[in-house]
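Student: Take this structure, written in structure tokens, and hold onto it; I'll ask about it next.
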Amino acid sequence: MAMYDVFGVGNALVDIQARVEDEILTRLSLDKGIMTLVDDEQQSKVLSHLDGSPLNRCAGGSAANTIVAVADLGGSAGYFGKVGSDALGDFFLKDMQELGVSISVPPTDKATGTCAVLITEDAQRTMLTSLSASTSLSPDDIDEFKIANSKYVYVEGYLLTGDSTKKAAYRAFELAKKHNVKVAFTASDPFLVNMIRDEIWDLITGPVDLFFCNEEEAKSLTGEDDPLRCAVKIHEHCENVALTLGGKGSIVMHGGEEFPIEGVQVDAIDTTGAGDMYAGAMLYGITNGLDWRTSGHLASHAAARIVSQLGARLQNRFTEEEIKSFSRLTES
């Protein structure tokens, strides 16, 4: 029996979320709704404009959010990510461990990475990411025993942008295949797809068993305009595909079949972590006895619940009865 349902590999960041007016984005000359990489000095400047504003802080990063979602739903999960020997690093480790996530990567002397998430009234999130210590994740940090004792390894695409982190990602792929562990991979961001499209195709035709992407990423990857055609084209190369469509739902491809998953209408407050939550709920479902269609329903509802609140952590967790109800929905 595997010790972990899912073991994630990603950039370990402390998310610092704040509600802001559009005027703040204009003053800081920020492009609304996108993620921008910044250095420590630029990040300090941004955070100084938030003095006095209510802040929400939590252990984050794309893969970390997904792993937390697996744990929140009752799954067993672990995480490889690098933090610094500082107060923020201590906070990250404690936050993850209190949620029941196994994490044991030794810290580094660099400052812990941060992601400032600026949320405007229209629920758009503008993110400023300072990777710092997270860039020092290396192949030596990937524990073979923990990979071998997992049902799935989940890797975020952002790791492919750094030399050391890319080697760590490929080490995780290698060990997973060695021990017959399934591999899930997320495209992470349209800019990444545009930058390394051929490499992503190599991955989804190679070690990746489950590929997560959103509509924009899928269109960029395939050159198709229709989401279903995108999903079908990707599925020709990858065993399983989960393509999210925002409020319109998602498309799940498995075993040559297409499962259209309904969107859930909610009043969106903050879109932070919606895709991460979708991936976490999907992975929880398929590693805990739910079929692919049911897992898709659960993932869609979990993502909707996230966007209706502030922050990437479920404030209103799913009960066992609620999770069972998605199986009944599929059967009907």
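Per the UniProt record's numbering, residue 1 is the first one in the sequence shown, and the count goes up by one each step. Note that CB positions come from ideal geometry on N, CA and C, so glycine has one too.
(1) Do the stretch 60-76 and the stretch 21-34 make contact, defined as three or more Cβ pairs closer than 8 Å?
(2) Could you work out which residue in Asp-225, Gly-255 and Val-6 is closest to Leu-245 when comparing CA atoms only?
(3) Here's the rule I'm using: 16 or more other beta-carbon atoms within 10 Å means buried, otherwise exposed. How should Ile-34 be labelled?
(4) Pick from Leu-221, Asp-141, Arg-171 and His-49: whose alpha carbon is nearest that of Asp-189?
(5) Between the C-alpha atoms of residue 389 and Ile-323, what's the straight-line distance to the nearest angstrom?
(6) Please list, in chain order, all residues of the same chain as Lys-167 whose beta carbon is under 6 Å from its beta carbon, the five residues on each side excluded.
(7) Starting from His-301, trace the alpha helix (DSSP H) in both directions and tell me its first and last residue.
(8) Return yes when the Cβ of Leu-137 is within less than 8 Å of the Cβ of Lys-178, no when it is not.
(9) Leaving aside the five residues before and after Arg-317 along the sequence, list all residues of the same chain whose C-beta is less than 7 Å from its C-beta, in chain order.
(10) Assuming Phe-212 and Ala-176 make a contact with CB atoms under 8 Å, what is their CB distance in whole Å?
(11) Nearest by alpha-carbon distance to Asn-180: which of Lys-146, Ser-134 and Tyr-278 is it?
(12) What does the alpha-carbon distance come out to for the pair Asn-214 and Gly-275?
(13) Specify, as a first and last residue, the run of the alpha helix (DSSP H) that Leu-221 falls within.
(14) Check Pro-260 in the structure and name its three-state DSSP category.
Tutor: The answer reads as follows:
(1) no
(2) The residue with the shortest Cα to Cα distance from Leu-245 is Asp-225.
(3) It counts as exposed.
(4) Here the closest residue by C-alpha is Leu-221.
(5) Because the chain is modelled from 1 through 332, residue 389 falls outside the range shown and cannot be assessed.
(6) Pro-139
(7) 292-307
(8) No, Cβ-Cβ distance for Lys-178 and Leu-137 is not below 8 Å.
(9) Asp-72
(10) 16 Å between Cβ atoms; not a contact.
(11) Lys-146
(12) 8 Å
(13) Start and end: 215-222.
(14) strand
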